[in-house]
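> Quick one: structure below, then a few questions.
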Amino acid sequence: MNVERVIVAVIVIALIIFISWWFFGKHQEQVQTAKQTKQAQSAVIKVHGGYSPATVVLKQGVPGQVKFEMHDQTACLSHVVFEQLGVDKDLTKQEVTTIDIPTDQPQTFNFACGMGMFHGKVIVK
Amino acid sequence: MKKITLSQRFWLTLLFSMPLIIQMLTMPLGWHYPGEKWVAFIATTVIMLLSARPYWSSAWAAFKHHRANMNTLVAVSTTVTYFYSLFALLTNRPEYFESAALVTLFVLLGDYLSERMSNHANDAVKKLMSLQAATAEVLRDGRFQILPLEEVVVGDRVRVEAGAKVPVDGKILTGTTEIDESLVTGESMPVPKKPGDTVIGATMNTTGLIEVQVTQTGKDTALAQIGEMMRKAQTSHAPIESLVDRVANIFVPAVLILALLTFAVWYVIIGVNITQAMLFGVSVIVIACPCALGLATPTALMVGMGRSARSGVLIKNGEILEKATKLQQIAFDKTGTLTKGKPVVTDVAGDRKQVLTVAAAVEQNISHPLAAAVRQAAEKEQIDVPSAINSKVIAGKGTAAEVAGHTYQVGNQRLISNQQNAEKWIKQATAWQQAGKTVSYVLKDREIIGVLAFKDLPKNHASRALNDLQKQGLTTAMISGDSEAAAETIAKQLGITQVIANVLPAKKVAAVKDLQAKGSTAFVGDGINDAPALAQADVGIAMGNGTDIAISSSDIVLTSGDLLGVPRAIALARKIFKRIKLNLFWAFIYNLLGIPIAAGVFAGLGLVLSPELAALAMAFSSVSVVTSALLLNYSKLKV
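Protein chains in written order, with our numbering: chain P, 1 to 125; chain S, 1001 to 1639.
This is the structure:
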């Protein structure tokens, strides 16, 4: 076995270890609380290779909105689906898509992309 | 830069791919044109900047969040082949620009086709909503005016001409007609309507001019509620899908690792050259895109729910499909569900004319269903009903009134508890009761002069529906408040296996629970008083009458009162669930077989996939899954 092959083998092993650690390891997730005025509150979620932040918190009792800012041009994230609300919106039609969230009682609304590959949630508390 | 749409991007990419496709096709013939390497380089660079970059950017953003997805696979495979080819071009080695370009082209093709198809699948709700009339002829300031629908309010009087759409939900004030309600109920025959009957917005008034009082507008209309339910159902998940979600999260990184291993095995262990090893690795990445997996469930749900709604079956969410597939028993509420809920007089003992005359007189103003049956019988026999005075209800027993100076009473067994000479009447009454009928005694000045027998007839199609359900492998049961004899008779007539009689309305839940101990049970009820039992059952099926569809405790709502809807609903639910499973199976198989082929496991047999062929296979797996979902629209039902 020549030197070239040994070097490649080492690089491959290093890459595998890196991928495992990067994707499967435990990493802190970002949570954001919505900006709030007396009459309304809204949170902005940037859509680019996923949802950032993936979790937003709204306060109970104040009319709430989540705004999706579309920065992704691939088909994967083109729709956002709120299963409990029966909402399925195409995000590519406009730059910012606003979705009204009922805040009358504390609960969690999960959302996902059209294929269910990306997930996020809106927590009302 | 202004954003270009997916379709524009696809067509531009196709245009720039042409020189590369020509090179690929003419290569086996040994044809070459001068500078073709540089043409390939320029065309591919344009495609990378135009079409691959969005995938790179999305994948990079995901990577920063420790996430990998299908875009990661596209990005890795295109960057590896593109930059390797660039290096090869400069160092005068064989390059593979066409792989990078065509992988991008085919991924775009898959995206483009599945987007078009899922838009198509999503049409059902939009189509339904567009069926609403835009204007209504409303009585304002003493005359009928054409107003936009938004200005119509509850209580308005609206005129609907023959051949026009009913614009709102309401109640007929004047006029008779036939209305085609197929849109809401799936029932193809027009339904006769008279004053007092309800009409549903967006249905078609066929024959007569009617005036309607508006009872619901906007979000409250039957149509709006059907739309809302369909939207929720279509965005819901089937539980089977959560498995896919879990798999998706670990799937992509696992594929990357697999691709690296493929590369290492070919290069380090088997010892082929580095280019060949790289192509095997890239093929693995390309074919593993889990798009088909992601599309399998949502598209089938969307199409299936749309089709069900068109045939009058509203399935509330994806979870129900799996439950419907596992059902073993189906229980029916009797009155109003299996039967018409409108009893008719079947027999009269005593002087037929006299008995009917006085009974109709005494029960003139009583709203009980049996009283209505008596009045109907009198009307049918063209009896002049005299007026009664001092009419009163005897609680739990019946009704009393005075007609032409005599006191008459109509009522049940308890009314005659201390009667003399009653044996002959009671004997007749008992015989009828044993035949499953309900009886009323008629008394003149406290002496029995006759007995009336009533029967609640089964709905049309009832026995066919039950027969179909048994063919579907379900055990049928009936839950009824009637005496055992009455319940048994109707059960025998309809071929129902199990009868649970003497069940008070409040005990229906317990009856359903008892059945559930034996196996998964569906309950069919008419929706209003049956709500707790509907909620208790594994699958609650509410028979709506077109308007009260917002029965939140049920899982499936039939928009028409037709019992054949029940076997149809079960068949549809099972069919959709089967299609979802089939779709997932194919999507998994694609990856399961595709990955080893791409990795070169069968290279010894001459079976290899270049990255661009892998991309084509991947695009077609998505398209085939969506096509299979769309076929749900056309597949035949056995019932």
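The C-beta atom is built at its ideal place from N, Cα and C for all residues, glycine as well.
What number of angstroms, rounded off, separates the C-alpha of S1554/S from the C-alpha of D1530/S?
By 1-based counting over the second sequence, the position of residue 1554/S is 554. By 1-based counting over the second sequence, the position of residue 1530/S is 530. About 9 Å.
> Mapping DSSP to helix, strand and coil, what is A1296/S?
The residue labelled residue 1296/S in the question sits at position 296 within the second sequence. Three-state result, A1296/S: helix.
> Taking C-alpha atoms, which residue in E1150/S, K1518/S, G1142/S and A1361/S lies nearest to T1221/S?
Here residue 1221/S corresponds to residue number 221 of the second sequence, with the count starting at 1. Nearest C-alpha to T1221/S: E1150/S.
> If you follow the alpha helix (DSSP H) that E1488/S is part of, which residue opens it and which one closes it?
Taking the second sequence and counting its residues from 1, one reaches residue 1488/S at position 488. First-last of the alpha helix (DSSP H) with E1488/S: E1484 to L1494.
> Under the assumption that S1387/S contacts N1365/S (Cβ atoms under 8 Å), give the Cβ distance between them as a whole number of angstroms.
Residue 1387/S sits at position 387 when you count from the first residue of the second sequence. Residue 1365/S sits at position 365 when you count from the first residue of the second sequence. No, S1387/S and N1365/S are not in contact; Cβ-Cβ is about 10 Å, not under 8 Å.
> Quick one, which residues of the stretch 1208-1235 of chain S are near chain P if we go by CB-CB under 9 Å, in chain order?
Against chain P - using a Cβ distance shorter than 9 Å - the residues of the stretch 1208-1235 of chain S are E1228, M1229, M1230, R1231, K1232, A1233, Q1234 and T1235.
> Going along the stretch 1516-1528 of chain S in order, which residues come within less than 8 Å of chain P, judged by CB to CB distance?
Going along the stretch 1516-1528 of chain S in chain order, one finds no residue with a Cβ nearer than 8 Å to chain P.
> Could you check whether P1458/S and V1479/S sit closer than 9 Å to each other, using their CB atoms as the reference points?
In the second sequence, counting from the first residue as 1, residue 1479/S sits at position 479. In the second sequence, counting from the first residue as 1, residue 1458/S sits at position 458. Reading the sequence as shown, one finds Ile at residue 1479/S and not Val. Result no, Cβ atoms of I1479/S and P1458/S do not sit closer than 9 Å.
> So, do the stretch 55-73 of chain P and the stretch 1051-1069 of chain S have three or more beta carbon pairs nearer to each other than 8 Å?
Verdict: yes, contact present.
> Taking 8 Å as the threshold, find out whether the stretch 1247-1266 of chain S comes into contact with the stretch 1191-1211 of chain S through three or more Cβ pairs.
Segments in contact, no.
> Under three-state DSSP, which class holds A54/P?
On the first sequence, position 54 is the one that residue 54/P refers to. Residue state, collapsed to three classes: coil.
> Residues bridged to V66/P by DSSP?
The residue you call residue 66/P lines up with position 66 of the first sequence. In the DSSP output, where bridge partners are listed per residue, V66/P has A43/P and I99/P.
> Roughly how many whole angstroms lie between the Cα atoms of V31/P and F1063/S?
Taking the first sequence and counting its residues from 1, one reaches residue 31/P at position 31. Taking the second sequence and counting its residues from 1, one reaches residue 1063/S at position 63. Near 18 Å, if we compare the C-alpha coordinates of F1063/S and V31/P.
> What do you reckon, are the CB atoms on V1524/S and W1586/S nearer than 9 Å?
Residue numbering aside, residue 1524/S sits at position 524 when the second sequence is read from its first letter. Residue numbering aside, residue 1586/S sits at position 586 when the second sequence is read from its first letter. Against a cut-off of 9 Å, the Cβ pair of W1586/S and V1524/S comes out as no contact.
> According to the Cβ coordinates, are S1621/S and A1292/S closer than 9 Å?
By 1-based counting over the second sequence, the position of residue 1621/S is 621. By 1-based counting over the second sequence, the position of residue 1292/S is 292. Yes; because the gap between Cβ atoms is below 9 Å, this pair is in contact.
> Comparing the C-beta of I1589/S with each C-beta of chain P, is any distance below 9 Å?
The sequence position of residue 1589/S within the second sequence is 589, counting from 1. Chain P, which has no Cβ nearer than 9 Å to the Cβ of I1589/S, makes this no.
> Let me see if you follow: with CB-CB separation under 9 Å, is N1543/S close to chain P or not?
Your numbering for residue 1543/S matches position 543 in the second sequence. Residue identity check: residue 1543/S is Met in the sequence provided, not Asn. Chain P, which has no Cβ nearer than 9 Å to the Cβ of M1543/S, makes this no.
> Under the three-state reduction of DSSP, which class applies to G1048/S: helix, strand or coil?
As a working mapping, residue 1048/S is identified with position 48 in the second sequence. Position check: residue 1048/S holds Met in this sequence, whereas Gly was assumed. Helix.
> List, in order along the chain, the chain P residues whose C-beta lies closer than 7 Å to that of A1062/S?
Within the second sequence, residue 1062/S is the residue found at index 62, counting from 1. Per Cβ cutoff of 7 Å: G49 and G50.
> Determine, using beta carbons only, whether L1558/S and I1541/S come nearer to each other than 9 Å.
Numbered from its first residue, the second sequence carries residue 1558/S at position 558. Numbered from its first residue, the second sequence carries residue 1541/S at position 541. Yes, they are a contact pair.
> Buried or exposed: Y1267/S, going by 16 or more other Cβ atoms within 10 Å of its Cβ?
For the purposes of this step, residue 1267/S is taken as residue 267 along the second sequence, with counting starting at 1. Classification for Y1267/S: buried.
> Kindly indicate the opening and closing residues of the alpha helix (DSSP H) around A1321/S.
On the second sequence, residue 1321/S is found 321 positions in, with the first residue counted as 1. Going by the sequence as given, residue 1321/S is Leu instead of Ala. Element bounds for L1321/S: G1318 to K1326.
> Which two residues bound the contiguous alpha helix (DSSP H) that contains G1227/S?
Residue numbering aside, residue 1227/S sits at position 227 when the second sequence is read from its first letter. Per DSSP, G1227/S belongs to the alpha helix (DSSP H) from A1222 to T1235.
> Once you ignore the five residues that flank E1379/S on each side, which residues in its own chain have a CB closer than 6 Å to its CB?
Along the second sequence, one-based indexing puts residue 1379/S at 379. If we look at E1379/S and ignore the five residues flanking it on each side, it has no Cβ neighbours.
> In chain P, which residues lie less than 9 Å from V1268/S when you measure between Cβ atoms?
On the second sequence, residue 1268/S is found 268 positions in, with the first residue counted as 1. The contacting residues are M1, R5, V6, V8, A9 and V12.
> Could you name the residues of chain P that D1111/S contacts, counting a contact when the two beta carbons are closer than 7 Å?
Here residue 1111/S refers to the residue found at position 111 when the second sequence is read from its first residue. Per Cβ cutoff of 7 Å: A75.
> Using a Cβ-Cβ cutoff of less than 6 Å, which residues in the same chain neighbour N1583/S once the five nearest sequence positions on both sides are dropped?
Start at 1 with the first residue of the second sequence, and residue 1583/S comes out as number 583. Same-chain partners within the cutoff: A1296, A1300, V1625 and S1628.
> Touch check for the stretch 1077-1088 of chain S and the stretch 1098-1118 of chain S: three-plus C-beta pairs under 8 Å?
The stretch 1077-1088 of chain S is in contact with the stretch 1098-1118 of chain S.
> Is the shortest distance between the beta-carbon of R1067/S and the beta-carbons of chain P less than 9 Å?
On the second sequence, position 67 is the one that residue 1067/S refers to. Yes, its Cβ sits closer than 9 Å to a Cβ of chain P.
> Compare the C-beta of A1059/S with all C-beta atoms of chain P and state if any pair is closer than 9 Å.
Here residue 1059/S is taken as the residue at index 59 of the second sequence, counted from 1. Yes, because at least one Cβ of chain P sits closer than 9 Å to the Cβ of A1059/S.
> Over the uninterrupted beta strand (DSSP E) stretch that includes I1449/S, give me the two end residues.
Translated into the one-based positions of the second sequence, residue 1449/S becomes position 449. Here the beta strand (DSSP E) through I1449/S covers E1447 to K1455.
> Just to confirm, is the Cβ distance from I1394/S to L1415/S under 9 Å?
Reading the second sequence from its first residue, position 394 is the one you call residue 1394/S. Reading the second sequence from its first residue, position 415 is the one you call residue 1415/S. Cβ atoms of I1394/S and L1415/S: closer than 9 Å.
> In whole angstroms, what separates the C-alpha of Q1008/S from that of Q1225/S?
Mapped onto the second sequence, residue 1008/S falls at position 8. Mapped onto the second sequence, residue 1225/S falls at position 225. Each residue's alpha carbon lies about 37 Å from the other.
> Identify the contact partners of F1263/S in chain P, using a Cβ-Cβ distance below 9 Å as the criterion.
Here the question's residue 1263/S lines up with position 263 in the second sequence. Within chain P, the residues near F1263/S are V8 and V12.
> Taking Cβ-Cβ distances shorter than 9 Å, what residues in chain S pair up with L15/P?
As a first step, residue 15/P must be located in the first sequence, where it is residue number 15. Those within 9 Å of L15/P in chain S are L1256, I1257 and L1260.
> Does any residue of chain S have a CB that is nearer than 9 Å to the CB of T92/P?
The sequence position of residue 92/P within the first sequence is 92, counting from 1. Yes, contact with chain S.
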